[in-house]
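Enquirer: Under this note's numbering, the residue at position 7 of the sequence shown is numbered 12, and the numbers go up by one with no gaps. Glycine residues also receive a C-beta, built at the ideal position from the N, C-alpha and C atoms.
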Amino acid sequence: MCGIVGYVGARDAQELLVASLRRLEYRGYDSAGIAITNNGRIEVRKSAGKLQRLDDLLEDQPIVGTTGIGHTRWATHGVPNDVNAHPHTDASGDFVLVHNGIIENFLSLKEALLEDGHEFRSDTDTEVLVHLVADEYDGDLLEAVRRAIGRAKGAYAVVVMCAHEPGRIVAARMISPLVVGFADGETFLASDIPAILPYTRSVLVINDGEMVDINADGATVQTIEGEPVHRTPMEVTWDAGQAEKGGYPHFMLKEIFEQPAVIEETLRGRLQSDGSVILEGADFPAGFVAGLEKIWITACGTAYHAGLVGRDVLEKVLRIPIEIDYAHELRYRDPLIRPGTMTIAISQSGETADTLAAGRLATELGSRLLALTNVVGSTLSRDAADILYTRAGPEIAVASTKAYTAMLIGTYLLALRLGLERGTLTAAGAAQLAGELRALPEKANRALDMDADIAKIAGRIAGVDDIYFIGRGLDYAVATEGSLKLKEISYMHSEAMPAGELKHGTLALITEGTPVVVVLTQSHLYDKTISGLQEVKARGARVMAVAYEDDTEVAKYANHVLRIPRTADFLSPVLSIIPLQLLAYHIAKELGHDIDMPRNLAKSVTVE
Ligand code: F6R
6 MCGIVGYVGA
16 RDAQELLVAS
26 LRRLEYRGYD
36 SAGIAITNNG
46 RIEVRKSAGK
56 LQRLDDLLED
66 QPIVGTTGIG
76 HTRWATHGVP
86 NDVNAHPHTD
96 ASGDFVLVHN
106 GIIENFLSLK
116 EALLEDGHEF
126 RSDTDTEVLV
136 HLVADEYDGD
146 LLEAVRRAIG
156 RAKGAYAVVV
166 MCAHEPGRIV
176 AARMISPLVV
186 GFADGETFLA
196 SDIPAILPYT
206 RSVLVINDGE
216 MVDINADGAT
226 VQTIEGEPVH
236 RTPMEVTWDA
246 GQAEKGGYPH
256 FMLKEIFEQP
266 AVIEETLRGR
276 LQSDGSVILE
286 GADFPAGFVA
296 GLEKIWITAC
306 GTAYHAGLVG
316 RDVLEKVLRI
326 PIEIDYAHEL
336 RYRDPLIRPG
346 TMTIAISQSG
356 ETADTLAAGR
366 LATELGSRLL
376 ALTNVVGSTL
386 SRDAADILYT
396 RAGPEIAVAS
406 TKAYTAMLIG
416 TYLLALRLGL
426 ERGTLTAAGA
436 AQLAGELRAL
446 PEKANRALDM
456 DADIAKIAGR
466 IAGVDDIYFI
476 GRGLDYAVAT
486 EGSLKLKEIS
496 YMHSEAMPAG
506 ELKHGTLALI
516 TEGTPVVVVL
526 TQSHLYDKTI
536 SGLQEVKARG
546 ARVMAVAYED
556 DTEVAKYANH
566 VLRIPRTADF
576 LSPVLSIIPL
586 QLLAYHIAKE
596 LGHDIDMPRN
606 LAKSVTVE
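Put into structure tokens, the structure is as follows:
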């Protein structure tokens, strides 16, 4: 994520940049900073923490000037501190930039720059870009930026200023969003439209592979290859509040729809075409993976449900025992955790008190702790020997959706990385899995197409007293998360169980019209689950099935079928959770609940 802004005009840039960043804070709030050109010099102020800290700093040390850039950060490389905060400058201080995205080849670029005598101050991937721009500069900022980004691989929106060319800002986009706004005698840049909406409604969206060169009189756009681009700006008609949620009525829905991009982002630069995996934060000692005897997984809530998928996936690939427990249980259980094991603590926030305590216990007992977390620099990431950051971006809705999916992707990456090293996964097997993983963003997009159909079904079950979610194997793991999503935002009683467990008691509760959701993607368990489905159907249940789009059998037994694109059964949780998230969302909406902030719950549970 991260939010970026730029301004050239006649107003006080400091005030405008901070106000614009405030409207982008939902994109990240680990640190913030601005840079302004003032009498041929660039001045920078930046600070770790929320934007308010920067605002306080500027109160003491204001910067005067009418051309500037700004950034609010969601950390991906380097912990959130003052030094890693953007903007970043080169050694001379004449070049300054802000960046949103990930420079995948930053390590090799950094090594080359270090050899050439450049000195680095931060741990960010971004800093390489400003050194490259300074190196490439010969009097024209646009050309310097073009040559610099020509050497970088990855996703970026980058905004650059140079002390030698006051009143000019150059920006470029590859994947990460960027818009330009136009008003009389002033021009704006931002990650998204709401940031600049109070100043202009005339906006041009910059496309992937384009560069934009702005001054107070307007902007010229061209491709990175130098082809001129002529597009007319659009007139924005919607309001800023709507826009922060990207036009969605709730953050939860926006985050559900962000999942294809999150899957892609979490894989980016890690999954290689041959199926091998680079995990930049995991540095296992020699022989550790080969000698690994057991893996423990610990987490709470949705993260625990991601761990249930992880248990089956890692067990299948690594052929060693995998044990999972809730962090609040594990920490008080006197568990037999031994040296020679790995403990994976999963936490979106990296701050859940019980997960931290369970992770610390595992470390004390000699297990090597790996943090699977979404928040760079979180306590969990600092406690752990190894870190695998999911790259879901800030999750605002209390009910977790995109962070769950990113955790699943993290687990698959880990399984590939460890399986290849242990030799339990063949190169051919890994390459095949990698191909299937790469296809997931597009398939997740197609799964989202069911949104309108699910909204209709939701209307028919909103407000029933009880609802049950069943499945076997990985489908059971998904059923647990589907059930939690529903109960936390609909306040309906909902229970998940393995399909085989129904007849051991719960079947007594199934009567005429009881809704039962069955997840049905695991081919080797298909017939067994179908017979469980027939059992509930025979008692009058109203059955909703989540099944592959080419499943011709399921419609004979289910009242509604929510269809997902076919994938390897092993990866199906990434897709089968989508209809269940949408079902929960639409039921809660139907009931008129506060979807983004459900009662009694908090986003981060930092107390026991
Ligand atoms: C449910 C949800 C919670 C969290 C749980 C752990 O939608 O978000 O169940 O998953 O509180 O939080 P993290 O992952 O931050 O440790």
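So, using beta-carbon positions, are G223 and T192 closer together than 7 Å?
Expert: In this structure, T192 lies closer than 7 Å to G223 by Cβ.
Enquirer: Skipping 5 residues on each side, what residues in its chain have a beta carbon closer than 6 Å to that of A573?
Expert: Around A573: E441.
Enquirer: Let me know if V318 comes out buried or exposed under the rule of 16 or more other beta-carbons within 10 Å of its beta-carbon.
Expert: V318 comes out buried.
Enquirer: In whole angstroms, give me the CA-to-CA distance for V69 and V49.
Expert: The straight-line gap from Cα to Cα measures roughly 11 Å.
Enquirer: Are the CB atoms of E269 and K407 within a distance shorter than 7 Å?
Expert: No, the pair does not count as a contact, with Cβ atoms beyond the cut-off.
Enquirer: Would you check whether the ligand F6R has a heavy atom nearer than 6 Å to the C-beta of V133?
Expert: Result no, Cβ not under 6 Å from the ligand F6R.
Enquirer: Here's the rule I'm using: 16 or more other beta-carbon atoms within 10 Å means buried, otherwise exposed. How should L119 be labelled?
Expert: Label assigned to L119: exposed.
Enquirer: Note down, one range per segment and in chain order, each alpha helix (DSSP H) of at least 4 residues found wholly within the region 285-328.
Expert: 306-323, all fully within the region 285-328.
Enquirer: Spatial neighbours of G106 within its chain, please: C-beta separation below 7 Å, excluding the five flanking residues on both sides.
Expert: Excluding sequence neighbours, G106 sits near G159, A160, Y161, A162, I180 and S181.
Enquirer: Note down, in chain order, each residue of its chain lying with its Cβ closer than 7 Å to the Cβ of L413, except the 5 sequence neighbours on either side.
Expert: Same-chain partners within the cutoff: A311, V314, P578 and V579.
Enquirer: According to DSSP, what are the bridge partners of Q227?
Expert: DSSP lists M216 and P233 as partners of Q227.
Enquirer: Short check: CB of V524 to CB of V483, under 7 Å?
Expert: Cβ distance < 7 Å, so V524 and V483 count as in contact.
Enquirer: Beta-carbon separation of V226 and V208 under 7 Å?
Expert: No. Outside cutoff.
Enquirer: I'd like to confirm something about S97: is its beta-carbon nearer than 6 Å to some heavy atom of the ligand F6R, or not?
Expert: No; taking the cut-off as 6 Å, the Cβ of S97 has no heavy atom of the ligand F6R nearer than that.
Enquirer: Give the straight-line distance between the Cα atoms of N110 and H104, rounded to the nearest whole angstrom.
Expert: Cα to Cα, N110 sits roughly 15 Å from H104.
Enquirer: Residue range of the beta strand (DSSP E) that G391 falls in?
Expert: According to the sequence provided, residue 391 is Asp. The question's Gly does not apply to it. Note, D391: beta strand (DSSP E), D391 to Y394.
Enquirer: How would you label L341, buried or exposed, when you count the other beta carbons within 10 angstroms and need 16 or more for buried?
Expert: Exposed: under 16 other Cβ atoms inside 10 Å.
Enquirer: Taking the C-alpha atoms as reference points, what is the distance between I602 and S405?
Expert: Residue 602 is actually Met in this sequence, not Ile. The alpha-carbon atoms of M602 and S405 are separated by roughly 11 Å.
Enquirer: Comparing the CB of S495 with every heavy atom of the ligand F6R, is any distance shorter than 6 Å?
Expert: Not so, every heavy atom of the ligand F6R lies at least 6 Å from the Cβ.
Enquirer: Between the C-alpha atoms of E116 and V135, what's the straight-line distance to the nearest angstrom?
Expert: Cα to Cα, E116 sits roughly 15 Å from V135.
Enquirer: Buried or exposed: M497, going by 16 or more other Cβ atoms within 10 Å of its Cβ?
Expert: By the neighbour-count rule (16 or more Cβ atoms within 10 Å), M497 is buried.
Enquirer: Alpha carbon to alpha carbon, what distance is there between I592 and D143?
Expert: Those two C-alpha atoms are separated by around 60 Å.
Enquirer: Would the beta-carbon of A449 fall within 7 Å of that of Q264?
Expert: Cβ distance < 7 Å, so A449 and Q264 count as in contact.
Enquirer: Tell me, please, whether the region 467-486 touches the region 501-515 by the rule of three or more beta-carbon pairs shorter than 8 Å.
Expert: In short, these stretches touch, since the Cβ pair count reaches three.
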